[in-house]
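Working notes, beginning with the structure itself.
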Amino acid sequence: MEAVLVIVALIFIAFVALGAYATVKAVGAAKRGVDRTVAQARRTVEDTTLRAKTFQPGAASELAQLRLRLRGSMRATQDALHARVAEDESLKESLDLFKRLSAHGHELDGELKRLESEPDKAQVARLVPELRARTEQITQSADALRHAARDRATRFASDDLDALRTQIDVEAGALRHWTTEAAPDASAVPDAGGSGSTAAGRKAPDRSAIAPPGVRPVYPWQKKPRPESTT
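All residue numbers for the sequence shown refer to the working numbering, where the first residue is 117 and numbers rise by one.
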């Protein structure tokens, strides 16, 4: 009796632990979903604010344009690499390089954001050329990774399509080959109306090789003939 109680208690504990684990996983998944939604909403608000600042005069417009270009290029490259790395493992190295590039991108974006609230506009205007050069360098590197990944995927798809088309052409040709072996050419048969010497020199066909008339092949599915009635 005690053993049964112990087993029941262990089963109950196992179910409780399993339920707690499932609850933790569900809560974690929900929290990650909420975090993604909040992050996406925050990005949308920031992008909208930056687009509005591009219409302002002075260095503020320049800073907003640099941030928009930097964020757009980095986001597009990140999405492209993450979307294709599951199909092409060789992109893992490119993804590692992009992570290192992202560190520089985040640093530059933070610096541009801090300069937006800088009261010394002359200092901001003096720093804009150097910030523009850094932005160009980072975005060009990100664009190069994205374009290379896209060209690689397009090339693989084109090669696979060419190979598939070749196989289909071969299969289509095999399906169209329904004719049997061609009969002997009639022009190769000697002319029956030739000279008498030629006709005389011909040998008579071997009658033993010709099936006697009236003999037909018997197939296994045919019924045996019934014997005639003697009445």
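We put the CB at the ideal spot given by N, CA and C, even for glycine.
Local conformation of residue i per DSSP, three classes
i: P245; result: helix
i: A202; result: coil
i: Q194; result: helix
i: F272; result: helix
i: T139; result: helix
i: K282; result: Contrary to the premise, residue 282 reads as Thr rather than Lys in this sequence. Reduced to three states, the DSSP call for T282 is helix.
i: Q181; result: helix
i: H263; result: helix
i: G144; result: helix
i: F128; result: helix
i: G289; result: helix
i: A299; result: Caution is warranted here: a pLDDT of 49 is assigned to A299, below 50, making its placement in the model unreliable, and the coordinate value is therefore given only provisionally. If DSSP states are grouped into helix, strand and coil, A299 belongs with coil.
i: Q172; result: coil
i: D236; result: coil
Residue range of the unbroken alpha helix (DSSP H) whose run includes residue i
i: H222; result: L207 to E232
Where residue i falls, given that 16 or more other Cβ within 10 Å makes a residue buried
i: T251; result: buried
i: A265; result: buried
i: G221; result: buried
i: T314; result: Confidence at T314 is low in this model, with a pLDDT of 47, below 50, so the placement of that residue is unreliable and no value is reported for it.
i: T160; result: exposed
i: V120; result: exposed
i: F214; result: buried
i: R262; result: buried
i: R158; result: exposed
i: E178; result: buried
i: V240; result: buried
i: S233; result: exposed
i: W283; result: For the record, residue 283 in the displayed sequence is Gln; it is not Trp. That one is exposed.
i: L182; result: buried
i: A168; result: exposed
i: T165; result: exposed
i: I254; result: buried
Straight-line Cα distance separating residue j from residue i
i: Q256; j: L134; result: 50 Å
i: G226; j: D275; result: 43 Å
i: A142; j: V124; result: 27 Å
i: D402; j: A138; result: Nothing about residue 402 can be reported from this structure: the residues present for the chain run from 117 to 347 only.
i: G188; j: A260; result: 14 Å
i: V140; j: A146; result: 10 Å
i: D163; j: G289; result: 57 Å
i: S218; j: L211; result: 10 Å
i: H293; j: A258; result: 53 Å
i: H191; j: V244; result: Checking the displayed sequence, the identity of residue 191 turns out to be Arg instead of His. Answer to the nearest angstrom: the Cα atoms are 23 Å apart.
i: R281; j: E287; result: 10 Å
i: A269; j: R230; result: 39 Å
Would you say the stretch 166-180 touches the stretch 197-207, given that touching needs at least three Cβ pairs under 8 Å? no
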